[in-house]
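*Asks:* Numbering (the numbering used here), first residue to last: 280 to 590. Don't be surprised by glycine CBs; every beta carbon is placed ideally from N, CA and C. Sending over a structure as structure tokens; questions will come in a sec.
Set out below in structure tokens:
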């Protein structure tokens, strides 16, 4: 009897152990860590992270148009920059107005709708600020340049530089309201050929001609007109920016790179303009485009067109 009782108790203990083992296994399965995400899921997560990184420039703006006034010498670079910006903000239309900085300033003063002004000299930008037409805190002296004396390829000119400029049969020269015209007059002042007590912008084309012995001068409204007059052979020589000459090196030849101790430092400032006609969306787009112009991507375009980084 005792033997049968011992066997029965042993069987009960065995059954209890088996039940505990089953519970342990079930608990183990429940606590097993989840399997790593598949390659597809991981790649998707990384793509999402990358997409977030690319959106650092902000959400796409709604459809609007901004008016950007640029010095004529910037026109070629801006054709490329506008296309680059369209990739970032496809809903924003950038309308360019390229002319001499003096003409552009006058247009702004007269009430032309303008959101951004990019001048080829500080004088016009200083005046914009003085007139209360600049959005405070937006001005940046962004680019630099240099004045060069050019002739057309194969001209055979006897002129070798500014020292014997009077030997030219004719000269293309921007008027005094145009920055490159002002810089050229400053050069002649520093060379002792023009009265240094005068404001360069106020020196007339006739006074320049008289100082050079009566040489014929074709007065041009902006630097692009000077470049074309020389490139097509209408005038023997002319003064333009290096960035302009570089764009036409198949048609023009540089006779002299004029040092800045004669011309003065050449700085291109840019700023947002007070535009009473702009709504909130247009103003936001103007600020965004102005920020884009200061990016490394935009600066690569400027330097490719031979502008100097003045940031």
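Spell out the partners DSSP gives residue 482 in its beta bridges.
*Replies:* For residue 482, which the question treats as bridged, DSSP gives no partner whatsoever.
*Asks:* Based on DSSP bridge pairs, tell me the residues matched to residue 395.
*Replies:* 347, 551, per the DSSP bridge assignment.
*Asks:* Touching or not, the region 363-373 and the region 440-454, by the rule of three or more beta carbon pairs under 8 Å?
*Replies:* Touching, no, given that fewer than three Cβ pairs across the two stretches are closer than 8 Å.
*Asks:* Can you name the residues that DSSP bridges to residue 588?
*Replies:* Its beta-bridge partners are 422.
*Asks:* Look at the Cβ atom of residue 516, then the Cβ atom of residue 505, and state whether they are nearer than 7 Å.
*Replies:* It is not a contact, given that the beta carbons lie outside the stated cut-off.
*Asks:* Report all residues from its chain with a CB closer than 8 Å to the CB of residue 531; omit the five preceding and five following residues, and keep chain order.
*Replies:* The answer, listed in chain order, is 429, 430, 431, 432, 506, 509, 510, 524.
*Asks:* On the criterion of 16 or more Cβ atoms from any shown chain inside 10 Å, does residue 538 qualify as buried, or is it exposed?
*Replies:* Flag for residue 538 reads exposed.
*Asks:* Taking 8 Å as the limit between beta carbons, can you name the residues of its chain near residue 323, skipping five residues before and five after?
*Replies:* Summary for residue 323: the model assigns pLDDT 35, below 50, so the residue's position carries little reliability; its value from the coordinates is reported in the next sentence. Closer than 8 Å at Cβ, skipping near neighbours: no residue.
*Asks:* Are the CB atoms of residue 343 and residue 560 within a distance shorter than 7 Å?
*Replies:* In this structure, residue 343 lies closer than 7 Å to residue 560 by Cβ.
*Asks:* Assuming the contact rule is C-beta atoms closer than 8 Å, residue 458 and residue 408 should be a hit. Round their C-beta distance to whole Å, please.
*Replies:* That pair is no contact at about 17 Å.
*Asks:* Out of 589, 590, 585, state which residue places its alpha-carbon closest to the alpha-carbon of residue 427.
*Replies:* The shortest C-alpha separation from residue 427 is found at 585.
*Asks:* Kindly provide the ranges of any alpha helix (DSSP H) runs that are 4 or more residues long and lie completely inside the region 454-534, ordered along the chain.
*Replies:* Those alpha helix (DSSP H) runs which fall completely within the region 454-534 and span 4+ residues are 458-469, 484-490, 502-510, 521-525.
*Asks:* In angstroms, rounded to a whole number, what distance separates the CA positions of residue 569 and residue 489?
*Replies:* So the alpha carbons of these two residues sit roughly 43 Å apart.
*Asks:* Which of helix, strand or coil does DSSP assign to residue 405?
*Replies:* Three-state DSSP puts residue 405 in a helix.
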